[in-house]
Amino acid sequence: MTDRNASLTGIATMLFGILLFSLNDVMGKWLVSTYTPGQLMLVRSAAALLVLSPFIFKQGIRRTLRPERRRLQWLRVAIGATESTLFYVCVAYLPLADTMTLWMAAPVWAVLLAALLLGEKVDTARWVAAGLGFLGVALALAPSGASFSPPALLALTGSVLFAALLIAGRKLRGTPDVTLVAWQTFGSLLLGIALLPFGWVMPTLRDFGLLALLGVVALLGHLCVTRSLKLAEASVVAPYQYTFIIWALLFGWLFFGDWPTPLMLCGAGLIVAAGLALMLLERRTVRAPGPEGGAGAAILRRANLHEKTA
4 MTDRNASLTG
14 IATMLFGILL
24 FSLNDVMGKW
34 LVSTYTPGQL
44 MLVRSAAALL
54 VLSPFIFKQG
64 IRRTLRPERR
74 RLQWLRVAIG
84 ATESTLFYVC
94 VAYLPLADTM
104 TLWMAAPVWA
114 VLLAALLLGE
124 KVDTARWVAA
134 GLGFLGVALA
144 LAPSGASFSP
154 PALLALTGSV
164 LFAALLIAGR
174 KLRGTPDVTL
184 VAWQTFGSLL
194 LGIALLPFGW
204 VMPTLRDFGL
214 LALLGVVALL
224 GHLCVTRSLK
234 LAEASVVAPY
244 QYTFIIWALL
254 FGWLFFGDWP
264 TPLMLCGAGL
274 IVAAGLALML
284 LERRTVRAPG
294 PEGGAGAAIL
304 RRANLHEKTA
């Protein structure tokens, strides 16, 4: 396959993976109106582990269960499971596009967390891009007494946790993907079990299948994103992840009758612009001689939503 064909295939694969994640979120928003987030986490994680089991056996159970830096693995599992649960809580109360807009601010938060937690130096251009993203978040929240509702604040918290997940993924970048996904999925399963006492609605056979499909679709999306990164450079395919917001707008209007406010649309535009600017800056850093880029470069290498699948 020529470089051009590989890049085009990588872009198409990334676009399809983002579509799968978007459909997964639509199903999640629809199901969480009837079933508890704990049920969603439990059934989807069990289904995902079932599909993932052949890959775990192929890699080796011992290698999967005994990775390096297990304390950091457990920290990442706790962050990821909490972030996923918050997402389902938020989409039960907020429009899908609003929730996804705030979640896509994760690269901006990652720059701040890398500077505060890892002591990374952030140059002026990156701070300007991050400031643009923070302004987008402020507009998306439409500051007022009504907008700072618990679901909106939970969505903001979830996007910060997603950024922390990206930072943890960077520190564990030597760990095989199967191991990362298996640990994350198992952690989500445990959290789902822990949340069961807070509510259980007996699902119909159809809904049980849809709950299980959540995990399968997420895994397929993960495979598509991973494959796209192997076919083309991350700097080529990663910008297409922002089609997430387009799908969220379309599906939110089509299935739930939601349409974002003008301020939300402006905020989404600024967040996307900030994310693309950070990608361009890191692309130049990675191509330039010298040490690797900072947190933004790590996000480029792992393509943001790579981490959102568990």
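Quick note: the sequence shown uses this note's numbering, first residue 4, plus one each step.
For each residue, glycine too, the CB sits at the ideal point set by N, CA and C.
Proximity of residue i and residue j at Cβ, strictly below 8 Å
i	j	result
Gln187	Gly83	yes
Ala143	Met267	yes
Val114	Ala95	no
Ser36	Ala251	no
Ser162	Ala109	yes
Ile21	Phe247	yes
Cys269	Phe19	no
Closest Cα partner of residue i within the set the options
i	options	result
Thr16	Leu142, Lys233, Met267, Trp262	Lys233
Ser10	Leu281, Ser231, Gly278	Ser231
Leu159	Leu75, Leu89, Leu119	Leu89
Asp28	Leu226, Gly278, Val220, Ala271	Val220
His225	Leu121, Leu45, Asp180, Leu273	Asp180
Three-state secondary structure assigned by DSSP to residue i
i	result
Met107	coil
Leu18	helix
Leu11	helix
Ser147	Reliability fails at Ser147, whose pLDDT of 47 lies under 50, so the model's placement of it is uncertain and the value that follows must be treated cautiously. The answer is coil: DSSP assigns Ser147 none of H, G, I, E or B.
Ser36	coil
Ala51	helix
Ser25	helix
Trp1	Absent from the structure is residue 1, since the part of the chain shown begins at 4 and ends at 313.
Asp210	helix
Met205	coil
Val131	helix
Buried versus exposed, by CB contacts within 10 Å (16 or more), residue i
i	result
Ile39	The amino acid occupying residue 39 in the given sequence is Thr; Ile does not appear at that position. Its Cβ being crowded by 16 or more others within 10 Å, Thr39 is buried.
Val204	exposed
Val184	buried
Trp130	exposed
Lys32	buried
Phe165	buried
Pro265	exposed
Cβ distance (whole Å) where residue i is taken to contact residue j below 8 Å
i	j	result
Leu213	Met30	6 Å
Ala280	Leu135	7 Å
Gly190	Val80	3 Å
Pro70	Thr182	5 Å
Trp277	Gly139	According to the sequence shown, residue 277 is Ala rather than Trp. Confirmed, Cβ separation roughly 6 Å.
Leu34	Asp210	7 Å
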